Each structure stands twice: as structure tokens, then as C-alpha cells.
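For reference, the structure is listed below as C-alpha cells.
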Amino acid sequence: MKLTMIILFIYIYATFLIVRAALTCNLTKRIDGLIWDLSYCGLKVLTKDFRRYSKNFTHLNISHNYIEIIDRKWIAHFQNVRVLDLSFNRLTRIDMSVFEDLSKLTELYIYSNRLTKVKTIHLESLLILDLSYNKIEKLPWNMFSGSCKLKKINFSHNSIKTISRKNFRFKRSIELNMYNNKLNCHCENYYLNSLFKWSKHTSPFCLKQKKQLFRLSKSELCDKIKTSNKKMKKKEDKVPRYIYSEKVHIHFMPEQDARKYDVKVGIKIALTLLLSMVAMFACLGIGKLKKGRKLQNNEGQEKENTL
């Protein structure tokens, strides 16, 4: 009985705080020039009352509230907004098409929510996208097909395991933050060796064996040997599992540079193979010469002995 009373009291008190915050959230007092700060207002739903203030703002801060859904009809009224902050809310899913009416939007912050999925983004003017501290597991292959001007993307502190090569077909280099994700060390992510341009101080490696990603061979990542279940379990312990980077940011090369890098890598591999072949034939030739000399010496000794 006492426990139920305590829980009821906490619920009533929390509701009171939310209502009080909403009532004391004076919309006009929170306007500072072209910035409208609606953070910590206890908002659950964005109502029609906000529309009359919506036309002139370039910065809109709706962070630290209780919003679960973004209505496209409501957000469409903020056509001049360039910076939109929706962080620290309760968004579980969001259709990126709700922002398509914001043609001037350059910075979008949706970090620290409860998102598990994201959809394709069509925002031509967008430069910065922050989706960190969510629960995103997978990225759609065409996620950035309509956002060609992106410079910085933050996916840190999510649960992303694979990155499709089709996700990042940009004509310019971008900065991608994948810190604290568990990218699988297997064939799907092997192309990262050539596609990512890691910073000088970054030392990305795969967990388990802690081998550097650049030094991992394709056979180590793409092991297709058919063995029994018992042997496979033993084998799995040896195979690296996740790609990990101590540094936060990874500089991503555009597709053209990545192709050039692939060509350079191919040339290096071809040269190393050629040199190894030359060295091998040289060793074989030296071995044959030594054997020939030994035979000549032996024949000479036999002739001397017979004489």
C-alpha cells in the first residue's frame, strides 16, 4: 500500500512539473532576434499556437522536451529555419521527408533520442546532420541520395553493424563520426580499407585480435572454410569481430578519390607480386648455380682420385 502511494505521488508530482513548465513557457519571452528557444518547456505536442511566430526565425531550439512525433504540417511553417535542434526528446521514429519543406535548413540535430530506424534524406542545403546517441542499427542504402552538400555526419553511439558502399557516394570529402559503433569485421565492410581516409593519429583495429584494419587481409575477413560446428566455434574465437577506432572522426574520401586509391593499391600489390616473383626466380637460379658448381667439384675430385 505504501509503495503504491509513493509511486502515485511521484507520478502526480512529475505531471505537475511538466504542466508547470508548459504554462511558464512564455513563447514571446523566449524569442531572441532570429532565435526561438523552446527548450525545457515540457512540450509533448507542437500545437497550432506556435505557427504565428514561425515565419522569421533562422534558429529553432526544441531540445529537452517530451516530443514523440514531428508533424510535417507544423514544421512546414518554419521555412526560413537554418538550424533545427530536436535533441533530447522521445522520438522513436522519424520520417525525414517531414523536413523537405525546409529548403534553407543547413544544420539538423536529432541526437539523444530513441530512434531505431532512419529513412532517406532529401535536403539539398543540409551541411551537418547529427543522429548520435540513438539506437540505429541499419542505414538505408540510399539514405543521402538527395543531400549532396553534406560535410559532417555524426552516427556515434549507435548500434550500426554494417555500412553499405552505396550509402556514401559523394563528390566531395565528408567527415563521418562512427565512434562507439560495432561495425562487423567481415566482407561487407572490407571495402572500408580503400574507401576511408583515416586521420594520421587514428589507429582503427578489429576487436578480438586487435589487428589494424589496414593490415587485415581479405582472407581474414572473408573466411568461407566449411568446417564442423565445433571447429567453427573455435574458428570464430580467432576471427576479429568488430572494427574499432580510438579517435572520433573519420575523413571519408569521395568516390573518385576512392577509385584512385584502389588503383594505387592495385599497382602496389602488382609490384610486390612482381618483385616477389623476381626474387623467387633469382633464388632458384642461385640454387641451381650452386648445385652445378658442387657437381663440377665432385666430378673433378673423382677424376683426381682415379688418376
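Here the working numbering is used: the first residue of the sequence shown is 443, the next is one more, and so on. Note that the Cβ used here is the ideal one computed from N, Cα and C, for glycine as well. Fair warning: this is a prediction, and the values are worked out from it, not measured in the lab.
By the neighbour-count definition (other C-beta atoms within 10 Å, threshold 16), M722 is an exposed residue.
For W516, no beta strand (DSSP E) encloses it; the enclosing alpha helix (DSSP H) starts and ends at 514-517.
The beta carbons of P582 and T558 sit no closer together than 8 Å.
The straight-line gap separating the alpha-carbon atoms of K624 and G475 is approximately 43 Å. Measuring C-alpha to C-alpha distances from S567 to each of S545, R532, T534, N503 identifies S545 as the nearest. Look at K593 here: in three-state DSSP terms it is coil, with no helix or strand label. Taking all protein chains shown into account, L618 has 16 or more neighbouring C-beta atoms within 10 Å of its C-beta and is therefore buried. The bridge partners DSSP lists for E549 are V525, I570. Contact check for K486 against I509 passes: the beta carbons are separated by less than 8 Å. Rounded to the nearest angstrom, the Cβ distance from K594 to I570 is 5 Å, consistent with a contact under 8 Å. The beta carbon of M538 sits closer than 7 Å to those of V560, K561, T562, I563, all from its chain and outside the five residues before and after it, given in chain order.
Only exposed fits M447, as fewer than 16 other CB atoms lie within 10 angstroms of its CB. Excluding the 5 residues flanking it on each side, D572 has same chain C-beta neighbours closer than 6 Å at Y551, Y553, N596, in chain order. For H501, the enclosing beta strand (DSSP E) starts and ends at 501-503. Secondary structure of V560 (DSSP, three-state): strand.
Measuring C-alpha to C-alpha distances from K603 to each of Y482, E549, N626 identifies N626 as the nearest.
Distance from the CA atom of N609 to the CA atom of T548, rounded to whole angstroms, is 20 Å. In the DSSP assignment, D479 falls within the unbroken beta strand (DSSP E) covering 477-479. Taking the Cα positions, Y482 is about 57 Å away from I709. T714 and A724 have their C-alpha atoms roughly 15 Å apart.
Rounded to whole angstroms, the separation of the alpha carbons of S529 and I605 is 24 Å.
Cα atoms of L488 and D479: separation of roughly 14 Å, rounded to the nearest angstrom. Of the residues assessed, I449 falls on the exposed side of the cut-off, its CB having fewer than 16 other CB atoms within 10 angstroms. Contact check for R556 against L526 fails: the beta carbons are separated by 8 Å or more. I536 is bridged by DSSP to V560. Per DSSP, I511 has no beta-bridge partner at all. Within the same chain, Cβ atoms closer than 8 Å to the Cβ of S598 are found at S574, Y575, N619, M620, Y621, N622, N623, V690, the five residues on either side in sequence being excluded. Following the DSSP letters along the chain, one finds N619 inside the beta strand (DSSP E) bounded by residues 616-619. Annotation: R524 to I477 spans about 10 Å, alpha carbon to alpha carbon. With a 10 Å radius around the Cβ and a threshold of 16 neighbouring Cβ atoms, L592 comes out buried. When the Cα atoms are used, N522 and D513 turn out to be separated by approximately 17 Å. N498 sits away from G484, with the two beta carbons spaced by 8 Å or more.
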